[in-house]
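> Numbering-wise, numbering that gives the first Met the number 0 puts 249 at position 250 of the sequence shown, and it's gapless, one number per residue.
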Amino acid sequence: MRVSLVSPLTIGLSPREASEIPYGDAPLGVLTLAAVARNQGHIVQFADLDYLSHHLPVDHFAVEAANWIADARADLYGFGTICDSYPLTLRVAREVARLCPAAKIILGGPQASVTDLEVLLALPEVDLVVRGEAEETFAALLQKMEAGHDWSKLPGLTLWGPFGPQRTAVAPLLSNLDIIPDPAWDLDPVFAQRPDASVEMGRGCPFACDFCSTNDFFRRKYRMKSPARVLGQMAEIARRYGFRKFSLVHDMFTVDRRRVLAFCTAAEQMGSPFEWGCSARTDCLDEALLERMYAAGCRKLFFG
C-alpha cells in the first residue's frame, strides 16, 4: 500500500505565523507511525504542515497543502491532530478526500481522539479515527486493509456503523515502550535544522489536571523507556546528524525519582556526552535530584 502521513501545524496558530517562525520539535508521533508502516513494507510519504507553511503560499494554504499531499496518490492518508490547528487539519483532510476519492482518510492524535464521534458526523469524508496510542492499532489496521480483511472490530477505532459513528473497544496501552521502532527521522526534510533533537522518553502522567489532555490520551498510565533505549537513540541521532542537544519528551519525566536516577546513572556511565531538557512539576523535584540531573547533562526544564 501507499501510505501518506501528515503532521499538524504546531509552530503558529496560522500558516502565516508559522512561516515566520523557526522549526520546532520534530513530530515524533507521526514519524513513529511512518516507521511502523515502512517496517511492514508499505511505501510511505510524510508531509509536515509546519514545513509546508515555509514553502507554499500562505493564502489558500489548505488547498495548496492538499494539492501537495494528494500528489502521493496514496491508498491511505493519515492526519495527526492537535487542538490549535485542528480546523486547518480538517480543511486539508477534506480537500485531500475530494482530490483522492478512492483513498481512506484517517485521523489520529489527541484532538481527534476526544472529538471522534463529532468529527465523523461533521466530516463524512473521514473514514475513521484511531484513538489514543496508535502504534499497534495502526499496524493491525494496515495489515487488514492490505489483505482485504474486515477491520471494523479492531480495538481503538471510531468508524461508521449501520446507525452512524460508533466506537470499537478501547485498545490496550503499550506496556513495553522499548519495542516501538525508531521514528523515521530521514523522512523529516528539516530534521537536521531543528534546534535540538527530540527523543521520546516515555508516556503518561499519574496526575489529573483539568487543563491537560494527557489523561485522555494515555489514561494516567505512567511509563518510561529504558535508559539503554533512550541513550541508544540519542547516540544514533548524534552519529547520523551530529546533534549534542536533546529534548527528552515525556509529560512528567520526574514523577518516578528512581527511574530518573537510573537514567542519570546510565548517562554518567557514558560520560554524559549530551545536553538535554525535559518536562517536570515543581513538586516533583528537589535540590539533590536537580544536582544529579545536571551532572548527567540536563540543562533545561519545562514546568507546566
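All residues carry an ideal CB built from backbone N, CA and C; glycine is no exception.
For the candidate residues H249, Q232, V248, whose alpha-carbon lies nearest to that of G241?
For the purposes of this step, residue 241 is taken as residue 242 along the sequence shown, with counting starting at 1. It is Q232 whose Cα lies nearest to the Cα of G241.
> Going straight from the alpha carbon of Q39 to that of A133, what length do you get?
The count along the sequence shown starts at 1 and reaches residue 39 at position 40. The count along the sequence shown starts at 1 and reaches residue 133 at position 134. Near 15 Å, if we compare the C-alpha coordinates of A133 and Q39.
> Excluding the 5 residues preceding and the 5 following S151 in the sequence, name in chain order all residues of the same chain whose CB lies nearer than 7 Å to its CB.
One-based indexing of the sequence shown puts residue 151 at position 152. So the list reads L158, once near-sequence residues are dropped.
> Please confirm whether V91 and A65 have their CB atoms less than 8 Å apart.
Counting from 1 along the sequence shown, the entry for residue 91 is found at position 92. Counting from 1 along the sequence shown, the entry for residue 65 is found at position 66. It is a contact, given that the beta carbons lie within the stated cut-off.
> Considering only C-alpha positions, which residue in the set V129, L98, S13 is nearest to A164?
Start at 1 with the first residue of the sequence shown, and residue 164 comes out as number 165. According to the sequence as given, residue 164 is Pro; it is not Ala. Minimum Cα distance to P164 is reached at V129.
> So, with DSSP's three-state summary, where would you put P226?
As a first step, residue 226 must be located in the sequence shown, where it is residue number 227. It is helical.
> Within the continuous beta strand (DSSP E) that includes W275, where are the two ends?
The sequence position of residue 275 within the sequence shown is 276, counting from 1. Start and end: 274–279.
> For the alpha helix (DSSP H) that W67 lies in, which residues bound it at each end?
If you number the sequence shown from 1, residue 67 lands on position 68. Start and end: 60–69.
> Consult DSSP for E199 and reduce its assignment to one of helix, strand or coil.
The sequence position of residue 199 within the sequence shown is 200, counting from 1. Note: E199 maps to strand in three-state DSSP.
> DSSP has P164 in a bridge; who is on the other side?
By 1-based counting over the sequence shown, the position of residue 164 is 165. DSSP output for P164 lists W159 as bridge partner(s).
> Name the residue from S278, L284, T31, P188 whose alpha carbon lies nearest to the alpha carbon of L48.
In the sequence shown, residue 48 corresponds to position 49, counting from 1. The shortest C-alpha separation from L48 is found at P188.
> Could you name the residues that DSSP lists as bridge partners for Y76?
Along the sequence shown, one-based indexing puts residue 76 at 77. Answer is S3, I104.
> With burial defined as no fewer than 16 other Cβ atoms inside 10 Å of the residue's Cβ, what is the status of P161: buried or exposed?
Stepping through the sequence shown from its first residue, residue 161 is reached at position 162. P161 comes out exposed.
> So, for A96: in the same chain, excluding its five sequence neighbours on each side, which residues have a beta-carbon less than 6 Å away from its beta-carbon?
Working through the sequence shown from its first residue, we reach residue 96 at position 97. The answer, listed in chain order, is I104, E124.
> With a threshold of 6 Å on Cβ separation, who are the neighbours of G276 within its own chain once the five nearest residues in sequence on each side are excluded?
Taking the first residue of the sequence shown as position 1, residue 276 is located at position 277. Correct list, in chain order: S246, K299.
> Report all residues from its chain with a CB closer than 8 Å to the CB of P226; omit the five preceding and five following residues, and keep chain order.
Sequence index remark: in the sequence shown, residue 226 carries index 227 (1-based). Cβ neighbours of P226 beyond the five flanking positions: A261, F262, T264, A265, A266.
> Throw me the rounded Cβ distance for the L87 and L156 pair, which I believe falls under 8 Å.
Position 88 of the sequence shown, counting from 1, holds the residue named residue 87. Position 157 of the sequence shown, counting from 1, holds the residue named residue 156. Contact flag wrong, Cβ pair sits at about 24 Å.
> Would you call the segment 19–30 in contact with the segment 169–185, where contact means no fewer than 3 C-beta pairs closer than 8 Å?
Short answer: they touch.
> Could you give the distance in angstroms between the alpha-carbon of P154 and the alpha-carbon of V113?
Within the sequence shown, residue 154 is the residue found at index 155, counting from 1. Within the sequence shown, residue 113 is the residue found at index 114, counting from 1. Roughly 16 Å between the two C-alpha positions.
> Whose C-beta lies closer than 6 Å to the C-beta of S6 among residues of the same chain, with five residues either side of it excluded?
As a position in the sequence shown, residue 6 is number 7, starting the count at 1. Here the set comprises P26, V29, D47, G79.
> Would you kindly report the start and end of the unbroken alpha helix (DSSP H) that includes S271?
Your numbering for residue 271 matches position 272 in the sequence shown. It is not in any alpha helix (DSSP H) - S271 carries neither H nor E in the DSSP assignment.
> If I'm right that L141 touches A73 with Cβ under 8 Å, what's the distance once you round it to whole angstroms?
As a working mapping, residue 141 is identified with position 142 in the sequence shown. As a working mapping, residue 73 is identified with position 74 in the sequence shown. Actually they are not in contact, since the Cβ atoms of L141 and A73 sit about 12 Å apart, beyond 8 Å.
> S112 by DSSP, collapsed to three states: which one?
Locating residue 112 in the sequence shown gives position 113, counting from the first residue. Residue state, collapsed to three classes: helix.
> So who's on the other strand from S246, going by DSSP bridges?
Stepping through the sequence shown from its first residue, residue 246 is reached at position 247. S197, G276.
> Here's the rule: buried if 16 or more other CB atoms are within 10 angstroms of the residue's CB, otherwise exposed. What is F77?
The sequence position of residue 77 within the sequence shown is 78, counting from 1. The sequence shown places Gly at residue 77, rather than the Phe named in the question. Result: buried.
> Could you give the residue range of the alpha helix (DSSP H) that holds R97?
By one-based count along the sequence shown, residue 97 stands at place 98. Looking at the DSSP string, the run of the alpha helix (DSSP H) that includes R97 is 85–98.
> Opposite D47 in the DSSP bridges: which residues?
For the purposes of this step, residue 47 is identified with residue 48 of the sequence shown, where counting begins at 1. Paired residues: S6.
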